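K.L.:
Here numbering that gives the first Met the number 0 is used: the first residue of the sequence shown is 0, the next is one more, and so on. Note that the Cβ used here is the ideal one computed from N, Cα and C, for glycine as well. Quantities reported herein were computed from a predicted structural model and do not represent experimental measurements. Here you go, one structure.
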Amino acid sequence: MGKGGEDYGQREKIGLESQDEDYFPAWSKDIKECEEHYQVNHEFGLSAAEVEKRRQKFGYNELEKHEGASIFKLILEQFNDTLVRILLAAAIISFVLAWYDGEEGGEMEITAFVEPLVIFLILIVNAIVGIWQESNAEKALEALKEIQSEHATVIRDGKKISNLPAKELVPGDIVELRVGDKVPADMRVLSLISSTVRVEQGSLTGESEAVSKTVKAVAGDTDIQGKKCMVFGGTTVVNGNCICLVTQTGMNTEIGKVHSQIHEASQNEEDTPLKKKLNEFGELLTLIIGVICALVWLINVKYFLTWEYVDGWPKNFKFSFEKCTYYFEIAVALAVAAIPEGLPAVITTCLALGTRKMAQKNALVRKLPSVETLGCTTVICSDKTGTLTTNQMAASKLVAMGSRIGTLRSFNVEGTTYDPLDGKIEDWPVGRMDSNLQMIAKIAAVCNDAGVERSGHHYIASGMPTEAALKVLVEKMGFPGGLNESSSGCCQLWNKMDQRIATLEFDRYRKSMGVIVKSSTGKKSLLVKGAVENVLERSSYVQLLDGSVVELDQYSRELILQSLHDMSTNALRCLGFAYKGYLPMFETYNGDEDHQAHELLLNPSNYSSIESELIFVGLVGLRDPPRKEVRQAIEDCKAAGIRVMVITGDNKNTAEAICREIGVFGPYDDISTRSVTGKEFMDHPDQRNHLRQDGGLLFSRAEPRHKQEIVRLLKDDGEVVAMTGDGVNDAPALKLADIGIAMGIAGTEVAKEASDMVLADDNFSTIVAAVGEGRSIYDNMKAFIRYMISSNIGEVASIFLTAALGIPEGMIPVQLLWVNLVTDGPPATALGFNPPDTDIMKKPPRKSDDSLITPWILFRYLVIGFYVGLATVGVFIIWYTRHTFMFIDLSGDGHSLVTYSQLANWDQCSTWEGFSASPFTAGSQVFNFDDNPCDYFRMGKIKASTLSLSVLVAIEMFNSLNALSEDGSLLTMPPWVNPWLLLAMFVSFGLHFLILYVPFLAQIFGIVPLSLNEWLLVLAVAFPVILIDEVLKFVGRCTTGMRYSRHSKHKAD
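Listed below in structure tokens is the structure:
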């Protein structure tokens, strides 16, 4: 499974060499070197001839289409399962025997073919479901192609070509990017047309904010987040225009590498822990079936192969083909009895019911086996942005000026979403906002290009998240005089009072944005927000609480910077606010392009001088806040023995602050060894021991290959890993993990298609709830698997005893198939509704190699199985040899009695002198044996066979009550704790009555109706199974501690 992460570096190198003979890190070279290397001039571009030449060499700029497995191969893979292969062999043999018997014609021909046809039907349905799941694996790759750009604006032969198909780009092409464009390939930024260019690349790198791009080269060993002069295919330009040089295309782009990793991960998917256990059980079952079949044949070989001893040597061999096939049919019946044919269907049903329960908790399961795997999760690798945090910037602290120079006021702001009603500002003067606070609100509302709108039950932001958070803050601040309108009411009022007439766009040099506004009185003023240090540097004055303006002294400046430092230490992103009330150059300016002041605004280099001598009013600390319920979810994980590792593309300080706040790290923990960057981890001399540390771990600035390597190493170490993610960069690790969990709201389609489960609410606590549900489902599955296996042991014991005692065959294969598939199905499914244990999330996770059936459980079910065999064979013998049993009269049907010796030697009936059998009734039928009395042991066994089948059904219904709890008595866990089980028992008995009392069905299954007394006999023989298991459970409770300590000691050894 680890190939994706293991081969990443090698594949990366090969990919680069395929496009460039010499490795060329364009991000670390200046513009001139890049143009020389790619032999292109940024004003002229490539010539048509050169483009064609490079396309021949590098191919089209598109992702490869990997050929999926052929339908024939997919079909074969569905039979790569031990239980399925045994079933297939049994079906083929049954079909051959049915064909052989069917040559006699008549009605028996139909009944003989029922068994193989039903088994074939089970196998076909199983194969269809498997193939459907396999074909879904490639959808992640298709979704990846959808995020590629379709068109690009390119300069070739000195001409600008708009809407060139993006797949026709080659390395060396000159591309112009504009706001809103999807980047078509990996490219080096050559020049900025606008003052700033920002690119939203979080889906690829994991960064929570859009990244400003530059033309300056960076160090050669910089990670992907640090390559500020590069833009990557599949990302989106959110601000500005620029000219770029294509450096990598197709599969050599960063998104192409993700594509390759998804494909490799999908080729190496492992079986779930339960599937492995069932495969192991299937192999053991094969061995057991083989041994028992051999024993049955050895016991009965005397019936179809006889010889005489002459001079001490065996001679005159006599072989009966008819009897040989008869005992071969018994062996096939034994195989059918031993295999729990209904198990795949019941497991699928239980998992499907589990997915419905999880859907109610906002966890949408895409692949059924994931439900069970969740239950043994030992490590959750979680992304930070959007999973542990809300992915919605929110104001956390507001610092305003005091009533006199050198004093500050601080307000804590509640709330974690864009909902204006989510939280309030502590100690806020509602309706009594002073002049200083009013100015902060005005600047936050007007010097702002974002929008916040209600969408369904939640609010969504358009524009920059930080600006959207400021708009929400303004709504929480309210409006002077107490007017506080809902849904952006305050922001709208501030914008009506002061109308924007010009914008001084943000740039990376002055790190601020300004707007020139006109008040209702016609006065012009400048409102500025930006990085606190930069705004403060250009400020000469400060506004106090009452609105008075005083000169900004050194002490006040240092006080503001100290406040900034304290907020930054807590991972808050800070913005400062300032204004300028006197703008002589703009007094008569109204946005008119002919006005002389307009010339100043056309040149961004003038913005710093315009934004000078500002009046500082305050600052705000913002962050992507942790979700409220995450801290408790982390505590639940610790109690459940699950380790949490945070893997994020965000910077180290921000991630560490969040991890301390949510409880991954304690407030005073030394985390120097537990918090590393992705690059530091890859260079770590002992990666495995780093991952084995107790408690939570943090990996910041992580790239896709780092995530894959972490998941691979954890899996190699025996951990069951759940990995969360939302971006394209997460898809390979999602595919590689045991459980890939994608975000439903913020997640890309690529991540969703690569995942096993999707969180409808993007909430970490939902994962923890799903793990609890997974554990409960596994416990219930264990209950019904044991129930079905114990039932099958009973059927095997019944057939084995029949063969060992030499009495006529009690039950035919089609009856056993009916019991395994139909009668056992409802109770087994109902066991999936057993209520979960109250301490289910306080136990450590089970190991993936923990045994499904312990030696003690196996012993218990061997005892139960032996009783089932004894009861089914016993009732068969009782009907033939007794007229009464336990005061129950069985003579009402008029059948003849025989001795046990006669029953055990029934095949010699033709040699008995004077043997006769009287007719007997069953329902409306009368069975007469005047023509051949020996038919009493063939056709006449139909009543005894029906009694055996009915005892088997009744015992298995009572046995399902035993499976309510592994060791708990029915006195402490009565049947009504799971009413679905009582309903299922009623349904199963109803189905049994259906085949007994509907003549057509009774004929197919070879049974007859039973009388009241015969039903009393069935219940009398079946009920003791509850008493036997109650005794065994009592012994189990008394010896639990002793068995556990021995097991622990064995594990330690």
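What residue range does the beta strand (DSSP E) around M186 cover?
P.N.:
Along the sequence shown, read from residue 1 onward, the residue named residue 186 stands at position 187. Where M186 is concerned, the enclosing beta strand (DSSP E) stretches over 185–191.
K.L.:
Bridge partners for L613 per DSSP, in chain order?
P.N.:
Here residue 613 refers to the residue found at position 614 when the sequence shown is read from its first residue. Answer is S538.
K.L.:
Residues in the same chain with beta-carbon distance under 8 angstroms from I941, minus the five sequence neighbours each way, listed in chain order, please.
P.N.:
Here the question's residue 941 lines up with position 942 in the sequence shown. So the list reads A921, F926, G1005, I1006, V1007, once near-sequence residues are dropped.
K.L.:
Determine, using beta-carbon pairs with one atom in the region 169–188 and one in the region 32–42, whether at least three such pairs fall under 8 angstroms.
P.N.:
yes
K.L.:
Could you please give me the residues that DSSP links to L350 through a beta bridge?
P.N.:
As a working mapping, residue 350 is identified with position 351 in the sequence shown. Per DSSP, none; premise fails for L350.
K.L.:
Return yes when the Cβ of P603 is within less than 8 angstroms of the Cβ of E452, no when it is not.
P.N.:
Along the sequence shown, read from residue 1 onward, the residue named residue 452 stands at position 453. Along the sequence shown, read from residue 1 onward, the residue named residue 603 stands at position 604. It is not a contact, given that the beta carbons lie outside the stated cut-off.
K.L.:
Drop a sphere of 10 angstroms on the beta-carbon of L993, count the other beta-carbons inside from all chains shown, and report buried for 16 or more, exposed for fewer.
P.N.:
Along the sequence shown, one-based indexing puts residue 993 at 994. It counts as exposed.
K.L.:
Output yes or no for whether 8 angstroms exceeds the beta carbon distance between L304 and F318.
P.N.:
The residue you call residue 304 lines up with position 305 of the sequence shown. The residue you call residue 318 lines up with position 319 of the sequence shown. A contact, by the Cβ cut-off of 8 angstroms.
K.L.:
Give the single residue among R507, I559, E610, E263 whose Cα lies nearest to the Cα of V531.
P.N.:
Against the sequence shown, residue 531 aligns to sequence position 532. Of all alpha-carbon atoms in R507, I559, E610, E263, the one lying nearest the alpha-carbon of V531 is that of I559.
K.L.:
For the region 973–989 against the region 951–964, are there 3 or more C-beta pairs whose distance is under 8 angstroms?
P.N.:
Because the criterion of three Cβ pairs below 8 angstroms is met, the region 973–989 and the region 951–964 touch.
K.L.:
Rounded C-beta distance between G677 and A701? I'm assuming under 8 angstroms.
P.N.:
One-based indexing of the sequence shown puts residue 677 at position 678. One-based indexing of the sequence shown puts residue 701 at position 702. Confirmed, about 4 angstroms.
K.L.:
Report the option in R630, Y667, V210, F615 whose CA atom is closest to the CA atom of G239.
P.N.:
Sequence index remark: in the sequence shown, residue 239 carries index 240 (1-based). Out of R630, Y667, V210, F615, V210 has the C-alpha closest to the C-alpha of G239.
K.L.:
Excluding the five sequence neighbours on either side, which residues of its own chain have a C-beta within less than 6 angstroms of the C-beta of I254, listed in chain order?
P.N.:
On the sequence shown, residue 254 is found 255 positions in, with the first residue counted as 1. Result list for I254: G232, G233, in chain order.
K.L.:
For the pair the region 348–363 and the region 612–630, tell me if three or more CB-CB distances fall below 8 angstroms.
P.N.:
Taking 8 angstroms as the limit for Cβ pairs, the verdict is that the region 612–630 does not touch the region 348–363.
K.L.:
What number of angstroms, rounded off, separates the C-alpha of L599 from the C-alpha of G662?
P.N.:
Translated into the one-based positions of the sequence shown, residue 599 becomes position 600. Translated into the one-based positions of the sequence shown, residue 662 becomes position 663. C-alpha separation (whole angstroms): 52 angstroms.
K.L.:
Measuring straight from C-alpha to C-alpha, what distance separates F886 and H894?
P.N.:
Along the sequence shown, one-based indexing puts residue 886 at 887. Along the sequence shown, one-based indexing puts residue 894 at 895. Taking the straight line from one Cα to the other gives about 18 angstroms.
K.L.:
Short of 7 angstroms in beta carbon distance, which residues of its chain neighbour D29, apart from the five on each side in sequence? Order them along the chain.
P.N.:
One-based indexing of the sequence shown puts residue 29 at position 30. Excluding positions up to five away in sequence, the list reads A216.
K.L.:
Express the C-alpha separation of G580 and T587 in angstroms, rounding to a whole number.
P.N.:
On the sequence shown, position 588 is the one that residue 587 refers to. On the sequence shown, position 581 is the one that residue 580 refers to. Each residue's Cα considered, the two are about 14 angstroms apart.
K.L.:
Does DSSP put M496 in a helix, in a strand, or in coil?
P.N.:
Residue numbering aside, residue 496 sits at position 497 when the sequence shown is read from its first letter. M496: helix per DSSP, three-state reduction.
K.L.:
Which runs of the alpha helix (DSSP H) fall wholly inside the region 403–462 and span at least 4 residues, in chain order?
P.N.:
434–445
K.L.:
Could you have a look at P583 and say whether DSSP puts it in helix, strand or coil?
P.N.:
Position 584 of the sequence shown, counted from the start, is the residue given in the question as residue 583. If DSSP states are grouped into helix, strand and coil, P583 belongs with the helices.
K.L.:
When the distance is taken between beta carbons, is T871 closer than 8 angstroms to S790?
P.N.:
Counting from 1 along the sequence shown, the entry for residue 790 is found at position 791. Counting from 1 along the sequence shown, the entry for residue 871 is found at position 872. No; because the gap between Cβ atoms is not below 8 angstroms, this pair is not in contact.
K.L.:
Compute the minimum distance between the beta carbon of L804 and the heavy atoms of the ligand MN, and state whether it is under 7 angstroms.
P.N.:
Although the ligand MN was asked about, the structure shown includes no ligands whatsoever.
K.L.:
From which residue to which residue does the alpha helix (DSSP H) around V643 run?
P.N.:
Your numbering for residue 643 matches position 644 in the sequence shown. Run containing V643: none in the alpha helix (DSSP H); it sits in the beta strand (DSSP E), 642–646.
K.L.:
Name, in chain order, the residues that DSSP records as bridge partners for C573.
P.N.:
Here residue 573 refers to the residue found at position 574 when the sequence shown is read from its first residue. G620, per the DSSP bridge assignment.
K.L.:
Return the chain-ordered list of same chain residues with a C-beta closer than 6 angstroms to the C-beta of I1025, the five sequence neighbours on each side being excluded.
P.N.:
In the sequence shown, the residue the question calls residue 1025 occupies position 1026. Only F957 meet the Cβ criterion.
K.L.:
Cβ of D761 within 8 angstroms of Cβ of I744?
P.N.:
As a first step, residue 761 is located in the sequence shown; it is residue number 762 there, counting from the start. As a first step, residue 744 is located in the sequence shown; it is residue number 745 there, counting from the start. The beta carbons of D761 and I744 sit closer together than 8 angstroms.
K.L.:
Just mark R355 as buried or exposed, buried being the case when its beta carbon has 16 or more other beta carbons within 10 Å.
P.N.:
Start at 1 with the first residue of the sequence shown, and residue 355 comes out as number 356. Result: exposed.
K.L.:
Taking the C-alpha atoms as reference points, what is the distance between S611 and D506?
P.N.:
Position 612 of the sequence shown, counted from the start, is the residue given in the question as residue 611. Position 507 of the sequence shown, counted from the start, is the residue given in the question as residue 506. Between S611 and D506, the C-alpha separation is close to 16 angstroms.
K.L.:
Note down the Cα distance separating E63 from V290, rounded to an integer number of angstroms.
P.N.:
In the sequence shown, counting from the first residue as 1, residue 63 sits at position 64. In the sequence shown, counting from the first residue as 1, residue 290 sits at position 291. Using only the alpha carbons, I get a separation of about 52 angstroms.
K.L.:
Determine the DSSP secondary structure at K314, reduced to helix, strand or coil.
P.N.:
As a first step, residue 314 must be located in the sequence shown, where it is residue number 315. Residue state for K314 is assigned as strand, using DSSP reduced to three classes.
K.L.:
Measure the alpha-carbon distance for K841 versus T204 and round it to whole angstroms.
P.N.:
Along the sequence shown, one-based indexing puts residue 841 at 842. Along the sequence shown, one-based indexing puts residue 204 at 205. Cα to Cα, K841 sits roughly 36 angstroms from T204.
K.L.:
In whole angstroms, what is the alpha-carbon distance linking I442 and M722?
P.N.:
For this step, residue 442 is matched to residue 443 along the sequence shown. For this step, residue 722 is matched to residue 723 along the sequence shown. Answer to the nearest angstrom: the Cα atoms are 42 angstroms apart.
K.L.:
Compare the Cα-Cα distances from T502 to each of N977, S511, K495 and report the closest residue.
P.N.:
Translated into the one-based positions of the sequence shown, residue 502 becomes position 503. Taking only the C-alpha atoms, the option nearest T502 is S511.
K.L.:
Quick one: what's got a C-beta closer than 6 angstroms to A596's C-beta in the same chain, skipping five residues either side?
P.N.:
Taking the sequence shown and counting its residues from 1, the one referred to as residue 596 is at position 597. If we look at A596 and ignore the five residues flanking it on each side, its Cβ neighbours are M584, F585, Y588.
K.L.:
Taking 8 angstroms as the cut-off, decide whether the C-beta atoms of M229 and W493 are in contact.
P.N.:
The residue labelled residue 229 in the question sits at position 230 within the sequence shown. The residue labelled residue 493 in the question sits at position 494 within the sequence shown. The answer is no: Cβ separation not under 8 angstroms.
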